[in-house]
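**Student:** One structure, as structure tokens, below. Some questions next.
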Amino acid sequence: MPPRLRELLDLYPCDSRAELEQSLETLENAVILLRRKMTIYPQRRTDPLFTPTMQHVEETATIDASGWVRLWLSAPLVSSRRQPSGYIGNTILLLLKNLRDSGTTLPWFDRAAVVITDCVARGRDNVFDPDNKDWKCVTNAMKGTLFEDDDGMTVTLLLRTEQREQKGCEITVLPVDDLLKFLTVPF
1400 MPPRLRELLD
1410 LYPCDSRAEL
1420 EQSLETLENA
1430 VILLRRKMTI
1440 YPQRRTDPLF
1450 TPTMQHVEET
1460 ATIDASGWVR
1470 LWLSAPLVSS
1480 RRQPSGYIGN
1490 TILLLLKNLR
1500 DSGTTLPWFD
1510 RAAVVITDCV
1520 ARGRDNVFDP
1530 DNKDWKCVTN
1540 AMKGTLFEDD
1550 DGMTVTLLLR
1560 TEQREQKGCE
1570 ITVLPVDDLL
1580 KFLTVPF
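Taking my numbering, the leading residue of the sequence shown gets 1400, the next gets one more, and so forth.
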């Protein structure tokens, strides 16, 4: 274990599940803060601070030919039994910001369908009921960027789970009138 991580863990001793979740939330907020600070500094390829030490996990945002926004997150959504994930919402905001910064115009949906597909490995994952997943952080992150509000009159939500080789979370945002078309397209 890296010494700095050991120091951090020593600062937050955990004697119960509640204390462990509080420490996890504190660490998650620190990661979000560091991620925001990293966007301030330009990347220098020769700087050892910017040399990846672990395998890169890809998260992507695209707009397809139909005008649908497609996001890929490298991990399935977490259980909603713990605090809502600021990290997932922050990742979605960064993906959409990067897409816009690349010159892509983000679509605006008066009535949107948000399809969240949790992709789990075959036979190896615990599959939670969809209502036990932290899906609210997804629609909250998109509110004001892709649609006005995430209320029931503006957003139709579809939660799905699929078994795939690659674990992750696929999020598709499309006009609600295209939902039938989406559901008839083979995966």
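In this text, a Cβ means the ideal position worked out from N, Cα and C, and glycines have one as well.
Please report the distance separating the alpha-carbon of residue 1502 from that of residue 1429.
**Tutor:** C-alpha separation (whole angstroms): 30 angstroms.
**Student:** Kindly indicate the opening and closing residues of the beta strand (DSSP E) around residue 1512.
**Tutor:** Segment 1511-1519, the beta strand (DSSP E) holding residue 1512.
**Student:** Give a yes or no on whether 8 angstroms exceeds the smallest Cβ distance from residue 1492 to chain D.
**Tutor:** In the structure shown, chain D cannot be found, because there is only a single protein chain.
**Student:** Which value, in whole angstroms, describes the spacing of the CA atoms of residue 1556 and residue 1418?
**Tutor:** Taking the straight line joining both Cα atoms gives about 33 angstroms.
**Student:** Relative to the C-alpha of residue 1571, which residue among 1541, 1497, 1474, 1414 is closest?
**Tutor:** Ranking 1541, 1497, 1474, 1414 by Cα distance to residue 1571 puts 1541 first.
**Student:** Roughly how many angstroms lie between the CA atoms of residue 1561 and residue 1519, to the nearest whole one?
**Tutor:** Cα to Cα, residue 1561 sits roughly 6 angstroms from residue 1519.
**Student:** Grab me the residues of residue 1551's own chain with a C-beta within less than 7 angstroms of its C-beta, minus the 5 sequence neighbours each way, in chain order.
**Tutor:** Answer for residue 1551: no residue qualifies.
**Student:** Alpha carbon to alpha carbon, how far is residue 1492 from residue 1569? Give it in angstroms, no decimals.
**Tutor:** Looking at the two C-alpha atoms, the distance is approximately 15 angstroms.
**Student:** With a threshold of 7 angstroms on Cβ separation, who are the neighbours of residue 1414 within its own chain once the five nearest residues in sequence on each side are excluded?
**Tutor:** Nothing meets the Cβ criterion.
**Student:** Can you grab the Cα-Cα spacing for the pair residue 1463 / residue 1506, in whole Å?
**Tutor:** Each residue's alpha carbon lies about 11 angstroms from the other.
**Student:** Measure the C-alpha to C-alpha separation of residue 1510 and residue 1582 and round it to an integer number of angstroms.
**Tutor:** Going from the Cα of residue 1510 to the Cα of residue 1582 covers about 17 angstroms.
**Student:** So residue 1471 and residue 1458 are in contact, right, with Cβ under 8 angstroms, and what is the actual spacing, rounded?
**Tutor:** Sure, about 6 angstroms apart at Cβ, within 8 angstroms.
**Student:** State the Cα-Cα distance for the pair residue 1448 and residue 1433, rounded to the nearest angstrom.
**Tutor:** Unreliable placement is indicated for residue 1448, whose pLDDT of 45 sits below 50; no coordinate value is reported for it.
**Student:** Using the three-state DSSP reduction, which class does residue 1496 fall into: helix, strand or coil?
**Tutor:** Residue state, collapsed to three classes: helix.
**Student:** Determine the closest residue to residue 1486 out of 1500, 1535, 1504, 1513, with distance taken between C-alpha atoms.
**Tutor:** Per the Cα distances, 1535.
**Student:** Under a Cβ-count criterion, where at least 16 other Cβ atoms within 10 Å of its own Cβ denotes burial, should residue 1549 be classed as buried or exposed?
**Tutor:** Residue 1549 comes out buried.
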